[in-house]
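Undergrad:
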Amino acid sequence: MDKLSPCTSKAADLEPDLEQLDLNVELQTSEAEEKCLNGSPGALQLRKWLNKTLKIEMSDGRVLIGIFLCTDRDANIILGSCSEYLPEDIKSDETCDSSNSTEEPRMLGLVMVPGKHIISICIDQNETEDCLEQPLIGEINREEVM
1 MDKLSPCTSK AADLEPDLEQ LDLNVELQTS EAEEKCLNGS PGALQLRKWL
51 NKTLKIEMSD GRVLIGIFLC TDRDANIILG SCSEYLPEDI KSDETCDSSN
101 STEEPRMLGL VMVPGKHIIS ICIDQNETED CLEQPLIGEI NREEVM
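According to full-length UniProt numbering, the sequence shown is numbered sequentially starting from 1.
1. Write down the C-beta distance between glycine 80 and leucine 69 rounded to the nearest angstrom, noting that I regard them as a contact closer than 8 Å.
2. Could you tell me the boundaries of the alpha helix (DSSP H) in which leucine 46 lies?
3. Please go through the same chain and pick out, in chain order, the residues whose beta-carbon is closer than 8 Å to the beta-carbon of lysine 52, but skip the five residues on each side of it.
4. Between the Cα of methionine 107 and the Cα atoms of Ser40, Leu46, Leu86, Gly39, which residue gives the shortest distance?
5. Mapping DSSP to helix, strand and coil, what is glycine 115?
6. When you compare the CB positions of threonine 71 and leucine 46, do they come within less than 8 Å of one another, or not?
7. Provide the residue(s) that pair with arginine 62 in DSSP beta bridges, ordered along the chain.
8. I'd like the span of the beta strand (DSSP E) that includes leucine 86, first residue to last.
9. In chain order, what residues of the same chain have a beta carbon less than 6 Å from the beta carbon of alanine 75, not counting five sequence neighbours either side?
10. Could you tell me whether the Cβ atoms of glutamate 88 and proline 105 are closer together than 8 Å?
11. How close, in whole Å, do the beta carbons of isoleucine 78 and isoleucine 118 come, if the pair is a contact with beta carbons under 8 Å?
12. Return helix, strand or coil for glutamate 104, following the three-state DSSP convention.
Right, dumping it as structure tokens:
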């Protein structure tokens with residue numbers, strides 16, 4: 001049997017190799033990010049819509065309003081904090097006995113909307129985009145928070 005000798009290399013000998021490895025990883029990461037950022041105009045538009053409020057009209061007449069989280073190549077859409085609104089004709093059929101025609105929306109939460117059932121999509125343009133630019137107006141001391 002051959003006896004294995006312990007590793008005698010010093011950490012200083014390995015540092016250049018580690019630095020080169022880090023450089024290669026950084027280059028590969030930046031190239032991947034560059035490919036992702038230089039996407040098609042449609043992909044760039046979808047990125048702008050992320051975390052915006054969408055109103056989706058479905059083929060059965062229901063309307064879903066929620067936060068746009070993601071989509072896929074089949075045009076399926078994931079909405080967060082989603083609420084479902086029924087069309088007027090379905091509401092009137094269900095509430096013909098009661099006089100209250102303004103029914104509360106049904107809270108659904110996280111929803112996957114199949115792309116084949118989407119009729120139209122509207123984006124809420126009234127959202128403030130600069131709400132995170134100045135989250136703190138005045139100075140806050142640590143003692144005030146604690």
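Ideal Cβ placement from N, Cα and C applies to all residues, glycine included. As the structure is a prediction and not an experimental result, all values here were calculated from the model.
TA: By the coordinates alone:
1. About 5 Å separates the two Cβ atoms, so the contact holds.
2. According to the DSSP assignment, leucine 46 belongs to the alpha helix (DSSP H) that extends over 41–49.
3. So the list reads Ile67, Phe68, Ile123, Asp124, Glu127, once near-sequence residues are dropped.
4. Here the closest residue by C-alpha is Leu86.
5. Reduced to three states, the DSSP call for glycine 115 is helix.
6. Threonine 71 is a Cβ neighbour of leucine 46, given a cutoff of 8 Å.
7. DSSP, once it has assigned bridges, lists no residue as partnering arginine 62.
8. From DSSP, leucine 86 is part of no beta strand (DSSP E); its letter is neither H nor E.
9. Hits under 6 Å: Gly115.
10. Pairing glutamate 88 with proline 105 gives a Cβ-Cβ distance that is not under 8 Å.
11. With a Cβ gap of about 13 Å, isoleucine 78 and isoleucine 118 do not count as contacting.
12. Coil at glutamate 104, not helix or strand.
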